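Below is one structure, written out as C-alpha cells, with a few remarks after it.
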Amino acid sequence: MGPLLALASAVTYGIVDFAGGLLSRRAHFAAVTFLGQLGGLVLACVAALLLPADAIHPVDLLWGALSGVGSGTAMHFLNRGLSGGAMSVVVPVSAVTAVALSVLCGVLLGDRPEPLAWAGIAVTAPALWLVSGGGTDTGRGTADGLLASAGVAVQYIALAQAGPASGLWPVAAGRVAAVLLLLPGAARHTGRLRMPPALLVRALLVGAGAALGLVLYLLAAQRQLLAVAVVLASLYPALPVILGLALLREKVSVRQTAGLLGAAAATVLLTLG
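Each residue of the sequence shown is one higher than the one before, counting from 5 in the working numbering.
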C-alpha cells in the first residue's frame with residue numbers, strides 16, 4: 005500500500021505542476037502560488053477533520069509547519085520557472101536535489117533500504133537529470149528549478165517526521181505556515197490577485213491538488229521507509245514532461261527519453277524493494 009500511495013502522490017503532483025505551470029503563464033506566478041496555498045489549506049483542514057487524529061502533538065504540528073515553509077518556497081520558485089521555462093526542464097530539475105537530500109536524510113535517520121530499493125534510488129537521480137536535459141539548459145528555468153528542489157526536500161523530510169497519531173493535521177499546519185510565508189508579498193502586490201473568476205478558481209483547485217498530493221505522501225511515509233517514499237513521490241516530473249511533449253509540443257531529446265525510461269525502471273525497482 006505504501007508504494008501505491010507514494011506513486012499516487014507523484015501522479016497528483018505531476019498533474020498539479022502541469023496545471024499550475026499553464027496557469028502561471030496566464031496570471032502572475034506569485035498570485036497563483038498564494039491562492040493555491042489558500043485552496044490547499046481548505047482541503048487539508050477538511051481532510052484532517054474527516055480522518056480523526058488519535059492525539060494532536062505540538063511537535064508534529066511544528067514539523068508540519070516547517071514542511072509548509074518548504075512547500076511555499078518550492079511552489080514560488082517552481083511557478084516562477086514554469087511561467088517562462090519549458091515544463092520538460094523546470095519540473096524535473098526541481099526533483100533532482102530534493103531526491104538526493106531526502107534520501108541522504110532518511111539513511112542518516114536510520115532507514116535501511118533493501119538492495120532492489122537501493123538500485124532504484126541509484127537510478128532515480130541520473131534519470132531525472134537526463135529528463136531535465138542532461139544539464140544542457142542553463143537559463144533561469146534551471147536556476148528556479150534548483151531553488152524549488154531545496155524547498156521540496158524540506159517539505160518531504162519535515163512532513164515525514166510527524167507522527168501518525170496527529171493524523172493529517174501536520175499537513176494543515178503546513179498550509180497555514182505557507183500562507184503566512186507568502187502573505188507579506190501578496191499584501192504588497194494586491195493587484196496581482198485580481199484575475200478573472202475562472203482563473204481564481206483554477207488557482208485554488210491547483211493548490212487543493214497539491215495538498216492532496218501531500219496527504220497521500222504523508223500516508224505513504226507512515227507505511228514505508230522515508231527514502232523509498234520520497235523517491236517514488238519524486239517521480240512526479242515524468243507526467244508534466246509527457247504532457248508538455250504531447251500537448252504543448254515541446255521537443256524531447258534522446259537524453260530525456262533515456263531519463264524517462266530510467267524513471268520507469270526506478271519505479272519498478274522501488275516498488276519491488
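Even glycine gets a Cβ: it sits at the ideal position worked out from N, Cα and C.
For clarity, every value in this text was computed on a predicted model and none was experimentally measured.
Beta carbon of residue 26 nearer than 8 Å to that of residue 207: no
Cutoff 6 Å; reference residue 223; Cβ partners in own chain excluding five residues on either side: Same-chain partners within the cutoff: 9.
Residue 206 - DSSP class collapsed to helix/strand/coil: helix
Sub-8 Å separation of residue 217 and residue 16 beta-carbons: yes
Option in 94, 150 and 62 with minimal Cα separation from residue 165: 62
Residue 41, enclosing alpha helix (DSSP H) - first and last residue: Here the alpha helix (DSSP H) through residue 41 covers 33-54.
Buried or exposed (CB count within 10 angstroms, at least 16 for buried), residue 155: buried
Alpha-carbon to alpha-carbon, residue 56 and residue 153: 32 Å
Cβ contact (3+ pairs, closer than 8 Å) linking the segment 178-196 and the segment 33-50: yes
Residue 269 to residue 109 span [Cα, whole Å]: So the two alpha carbons sit approximately 23 Å from each other.
Residue 39 and residue 197 closer than 8 Å at C-beta: Result yes, Cβ atoms of residue 39 and residue 197 sit closer than 8 Å.
Assigned exposure category for residue 186 - 16 Cβ within 10 Å defines buried: buried
Residue 193 in three-state terms, based on DSSP: coil
Residue nearest to residue 69 in terms of C-alpha spacing, selected from 160, 36 and 12: With distances taken between Cα atoms, residue 69 lies closest to 160.
Collapsed DSSP secondary structure at residue 142 in the structure displayed: Because the pLDDT at residue 142 is just 49, under 50, the model does not fix this residue reliably, and the point stays unresolved.
DSSP state of residue 10 mapped onto helix, strand, coil: If DSSP states are grouped into helix, strand and coil, residue 10 belongs with the helices.
Helix, strand or coil at residue 60 according to DSSP, with G and I counted as helix: coil
Distance, residue 265 Cα to residue 278 Cα: Residue 278 lies beyond the residue range present for the chain, which begins at 5 and ends at 277; the question has no answer from this structure.
Endpoints, alpha helix (DSSP H) assigned at residue 244: Looking at the DSSP string, the run of the alpha helix (DSSP H) that includes residue 244 is 242-251.
Residues near residue 37 in its chain [Cβ-Cβ closer than 7 Å; skip 5 each side]: 79, 80, 83 and 186
Three-state secondary structure (DSSP) of residue 260: Helix at residue 260.
Reference residue 202; option with closest CA among 19, 30 and 190: 30
Residue from 133, 253 and 43 with nearest C-alpha to residue 262: 133
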